[in-house]
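Trainee: Residue numbering for the sequence shown follows the working numbering, starting at 6 and increasing by one per position.
Beta carbons are placed, not taken as given, at the ideal position from N, Cα and C, and that holds for glycine.
Owing to the predicted nature of the structure, the values given are computational and were not obtained by experimental measurement.
Here you go, one structure.
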Amino acid sequence: MAIVKVIEVIATSEKGWEDAARNGVKEAGKTVKNIKSAWVSDQKMIIKNNEIAEYRVILKISFEIG
């Protein structure tokens, strides 16, 4: 039986949602091993001067432990 843990990560990008998600998984992978899946639980944008300055996603990342 596998034990899976889920963590929450906030990731950003100036390019778009998909790039923000990719950045979050890549960065989490530097310290978290055995990542099995990730899903976006929320999306936000930071607006400056009536323009989108940053895309932000909240990711749930699951990984196997033990």
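Who are the near neighbours of Ser46 in its chain, counting only those whose CB is closer than 6 Å to its CB and skipping five residues on each side?
Mentor: Same-chain partners within the cutoff: Ile63, Lys65.
Trainee: CB Lys10 to CB Phe68, shorter than 9 Å?
Mentor: In this structure, Phe68 lies closer than 9 Å to Lys10 by Cβ.
Trainee: Could you check if Gly29 is buried or exposed, using at least 16 other CB atoms within 10 Å of its CB as the buried criterion?
Mentor: Buried: at least 16 other Cβ atoms inside 10 Å.
Trainee: Where Asn39 and Met6 are concerned, what is the direct C-alpha to C-alpha distance, given to the nearest angstrom?
Mentor: For Asn39 and Met6, the distance between alpha carbons rounds to 15 Å.
Trainee: In whole angstroms, what separates the C-alpha of Ala58 from that of Ala26?
Mentor: Their Cα atoms are separated by approximately 16 Å.
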